[in-house]
Amino acid sequence: MLRAGYQLLNHSPLGAAKTGSNNFALEFVRWRRKPRWLPVAKSKVFRVPERKKQPEEERAELMRLHNHYKTQLRSVRQFLRAEVVRHEETSTADHIVLTPEQEEAEYQLCIAENAAWNAKIASERELRLAKEREEKVAYVQERLDAGKLREELRRERASEHIRHEIEQSKTFITRSNLDEAIETALANPVDHNFAIDMAGAMYKGRTTQSLGSSA
Amino acid sequence: MPSYELALVLRQLPRPELIGVIRRTAEAIFDKGGIIRKFENLGTRALPHKVSEHGVVHREATHFTIAFDTAPTKIADLKEEFGRDIDIIRRHIFKVEDPVEHKCTLHEEMLPPAYRKDVQEIIEIAKRKQKPKYNYNSGLDYYPFQK
Numbered sequence: 001m002l003r004a005g006y007q008l009l010n011h012s013p014l015g016a017a018k019t020g021s022n023n024f025a026l027e028f029v030r031w032r033r034k035p036r037w038l039p040v041a042k043s044k045v046f047r048v049p050e051r052k053k054q055p056e057e058e059r060a061e062l063m064r065l066h067n068h069y070k071t072q073l074r075s076v077r078q079f080l081r082a083e084v085v086r087h088e089e090t091s092t093a094d095h096i097v098l099t100p101e102q103e104e105a106e107y108q109l110c111i112a113e114n115a116a117w118n119a120k121i122a123s124e125r126e127l128r129l130a131k132e133r134e135e136k137v138a139y140v141q142e143r144l145d146a147g148k149l150r151e152e153l154r155r156e157r158a159s160e161h162i163r164h165e166i167e168q169s170k171t172f173i174t175r176s177n178l179d180e181a182i183e184t185a186l187a188n189p190v191d192h193n194f195a196i197d198m199a200g201a202m203y204k205g206r207t208t209q210s211l212g213s214s215a
Numbered sequence: 001m002p003s004y005e006l007a008l009v010l011r012q013l014p015r016p017e018l019i020g021v022i023r024r025t026a027e028a029i030f031d032k033g034g035i036i037r038k039f040e041n042l043g044t045r046a047l048p049h050k051v052s053e054h055g056v057v058h059r060e061a062t063h064f065t066i067a068f069d070t071a072p073t074k075i076a077d078l079k080e081e082f083g084r085d086i087d088i089i090r091r092h093i094f095k096v097e098d099p100v101e102h103k104c105t106l107h108e109e110m111l112p113p114a115y116r117k118d119v120q121e122i123i124e125i126a127k128r129k130q131k132p133k134y135n136y137n138s139g140l141d142y143y144p145f146q147k
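Those protein sequence lines, which keep their order, are chains Y and B. Note that the first sequence covers residues 1 to 215 in UniProt numbering. Note that the second sequence covers residues 1 to 147 in UniProt numbering.
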């Protein structure tokens with residue numbers, strides 16, 4: 001909204017009056033006008049602006065120019081319209097009148113053409129659908145076989161697991177040999193700690209004593 | 001039934017009482033329909049820090065593990081039962097996982113970057129992303145693309 005010196009170029013008498021006669025001076029106008037949503041000022045509500053008087057000769061000149069322009073345009077339009085009418089009368093493109101027999105023949109021709117196209121597309125479609133059906137059958141068969149194989153593998157793995165567990169169950173601890181097992185465990189403390197050196201040698205045991213002895 | 005491993009830290013006790021604690025624990029597993037696979041005694045050692053449990057401060061303890069199988073629904077009960085035993089300082093139940101199979105690729109990783117497969121893949125991707133470059137000596141006397 002801040003327009004600085006916007007009146008500098010249109011040397012209005014008002015601006016000149018406000019700033020004295022110095023046209024070079026900048027006039028700072030903070031608000032160009034009041035916002036659009038404000039109503040007309042109370043003091044200006046009943047003001048009727050004075051109608052500007054047009055000189056008689058200017059009005060006559062404008063009228064002359066206007067008439068001139070309208071006449072020219074009308075003549076061009078009439079010429080074009082006449083041309084179109086002439087063209088329509090002379091050309092035979094649009095209004096060839098067919099006899100009912102001819103029309104029927106043309107219709108039959110179109111029907112035949114359409115039927116031929118349909119037959120061609122139908123044969124193509126038959127081929128395509130047959131191929132797709134075959135592919136689908138092959139795919140399903142493949143998936144079924146894969147599933148069967150998967151199931152077999154799973155069963156094999158499960159039975160292997162069961163066999164392993166049955167083998168392991170011989171060493172399971174039961175209520176009957178519980179005391180024995182506890183005694184054995186307490187008698188044989190185990191140690192899972194180990195150290196490893198750059199050569200990959202393993203030194204078992206929690207303490208580093210074995211390291212010193214083997215080095 | 002999945003396999004679990006119970007790691008116990010037991011109060012320092014004379015041998016008969018120690019046997020009693022372990023038997024109690026084992027019986028609890030049996031009572032819940034479990035199977036015990038193995039006992040392991042990891043020895044009596046000083047704890048890494050003093051532990052206050054059941055109102056007593058412990059500085060040394062016996063470490064003991066029990067490998068067992070039981071229903072997963074019984075684990076919470078077992079934990080609760082072991083938590084009430086005043087001779088058990090710490091108890092943790094771990095699920096035994098199948099060992100992860102992995103191949104040693106250290107030899108490939110130690111190769112110079114240009115020979116590594118992953119680096120080669122990255123170079124291939126970068127090449128694919130490169131825009132085709134205009135050759136200036138191709139006879140045209142102007143640049144045909146937008147600069």
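We put the beta carbon where it would ideally sit given N, CA and C, even for glycine. Fair warning: this is a prediction, and the values are worked out from it, not measured in the lab.
Not a single C-beta of chain B is nearer than 8 Å to the C-beta of residue 194(Y). From the listed residues 142(B), 98(B), 140(B), 128(B), the smallest Cα separation to residue 161(Y) is found for 98(B).
Exclusion of the five residues before and after residue 17(B) leaves 87 as the residues of its chain whose Cβ lies within less than 8 Å of its Cβ. Against chain Y, the CB of residue 137(B) has no partner CB under 8 Å away; the residue lies outside that interface. Only residues of its own chain outside the window of five on either side were considered, and among them none has a CB closer than 6 Å to the CB of residue 130(B). Considering only beta carbons, the part of the stretch 11-39 of chain B lying closer than 9 Å to chain Y consists of 15, 18, 19, 22, 23, 26, 27, 30, 35, 36, 37, 38, 39, in chain order. By a beta-carbon distance limit of 8 Å, residue 32(B) contacts residue 70(B). Their separation comes to about 6 Å. Distance between residue 68(Y) and residue 54(Y), taken at the CA atoms: about 21 Å.
At a cut-off of 8 Å between beta-carbon atoms, residue 6(B) makes no contact with chain Y. In the three-state reduction of the DSSP assignment, residue 45(Y) falls in the coil class. In the structure shown, the three-state DSSP call for residue 54(B) is coil. Between residue 10(B) and residue 64(B) a beta carbon distance of about 6 Å is seen, short of the 8 Å cut, so the two are scored as contacting. Among the CB atoms of chain B, none fall inside 8 Å of the CB of residue 153(Y). When DSSP states are grouped into helix, strand and coil, residue 4(B) belongs to the strand group.
By the rule that beta-carbons nearer than 8 Å mark a contact, residue 42(B) touches chain Y. Within chain B, the residues whose beta carbon sits less than 9 Å from that of residue 175(Y) are 26, 27, 30, listed in sequence order.
Straight-line spacing of the CA atoms in residue 79(Y) and residue 62(Y) works out to 26 Å. Under DSSP, residue 9(B) forms a beta bridge with 63(B), 90(B). Interface criterion not met: the Cβ of residue 39(Y) is under 8 Å from no Cβ in chain B.
Residue 144(Y) sits exposed, since fewer than 16 C-beta atoms from the chains shown fall within 10 Å of its C-beta. Interface criterion met: the Cβ of residue 181(Y) is under 8 Å from a Cβ in chain B. The Cβ atoms of residue 40(B) and residue 94(B) do not sit closer than 8 Å to each other. Checking the DSSP bridge columns, you'll see residue 69(B) partnered with 3(B), 35(B). Residue 90(Y) and residue 81(Y) have their C-alpha atoms spaced approximately 14 Å apart. Per DSSP, reduced to three states, the secondary structure at residue 111(Y) is helical. Apart from sequence neighbours up to five positions away, no residue of its chain approaches residue 77(Y) with a beta-carbon distance below 6 Å.
Within the stretch 48-80 of chain Y, contact with chain B at the beta-carbon level (separation under 9 Å) is assigned to no residue. Neighbours of residue 185(Y) in chain B, taken as residues whose beta carbon is under 7 Å from its own, are 39, 40, 41 in chain order. Just so you know, the alpha carbons of residue 189(Y) and residue 181(Y) end up roughly 13 Å apart.
Following the DSSP letters along the chain, one finds residue 204(Y) in no alpha helix (DSSP H) but inside the beta strand (DSSP E) bounded by residues 202-204. Taken atom to atom, the span from the alpha-carbon of residue 134(B) to that of residue 122(B) is near 24 Å. By the Cβ neighbour-count rule, residue 173(Y) is buried, with 16 or more other Cβ atoms within 10 Å of its own.
The three-state secondary structure of residue 173(Y), taken from DSSP, is strand.
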